[in-house]
Amino acid sequence: MKIKVSSIPEAGERYQETYLPQVLDLERFDVKVNRPFNVNYHILKEGEEVFVRAEVKVCLEIICARCLDKAEFIIEKDYNFTYRVKPTDILDTTEDIRQEIILDYPLKPLCKPDCLGLCPKCGGNLNRGECRCNLNQNWGGENGVT
Ligand SMILES: [Zn+2]
Ligand SMILES: [Zn+2]
């Protein structure tokens, strides 16, 4: 969101902005957003400071760290920013929103908390019951266990 500092009323104001994924250019950081998303801003000006609360709900496309399936991961969070401003400034929150989403992107995203992952033997997706190892193999002392 870009806004002239001079146009922010002293009493504060609410704004909504819809971001297109390409505007935030998150793909450069391996964060994939498929759909436009809304940010609700609440902005307050006090002297030379502007306080911004940004209510963000964004749906990311992730690759599950366990089963390698594509899945969705939703970030729903309020971010707070403080800016020191001059009356002639134009405030731009885009970079801060981008940084926060990148920070909140999970390092090891899972398609669901109890994802079963892949069978280490056949690579079948255990969530989808693709593994037939248990049915086909003979478990009798295969690993030399006595
Ligand atoms: Zn998974
Ligand atoms: Zn298997």
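If you read the sequence shown in the working numbering, its first letter stands for residue 3, the second for the next number, and so on.
Note that CB positions come from ideal geometry on N, CA and C, so glycine has one too.
Spatial distance of residue i from residue j (CA atoms)
i, j, result
"L70", "I76", "18 Å"
"V58", "K6", "21 Å"
"Y43", "R86", "17 Å"
"E12", "I92", "16 Å"
"Q24", "T95", "16 Å"
"R100", "N40", "13 Å"
"G120", "I64", "According to the sequence displayed, residue 120 carries Leu and not Gly. Between L120 and I64, the C-alpha separation is close to 17 Å."
"C113", "G14", "39 Å"
"T90", "V52", "13 Å"
"N136", "R130", "15 Å"
"N82", "D98", "10 Å"
Pair within 8 Å by beta-carbon distance, residue i and residue j
i, j, result
"C66", "P115", "no"
"D27", "A56", "no"
Neighbourhood of residue i by C-beta, 7 Å cutoff - its chain only, sequence neighbours within 5 removed
i, result
"R2", "Absent from the model: residue 2. The displayed extent of the chain is 3 to 148, so no value can be given."
"V33", "L62, I103, I104, Y107"
Opposing strand residues paired with residue i [DSSP bridges]
i, result
"V58", "V41, K79"
Proximal residues to residue i (C-beta, below 6 Å), its chain only, five neighbours per side dropped
i, result
"E78", "K59"
"A73", "I64, C66, C113"
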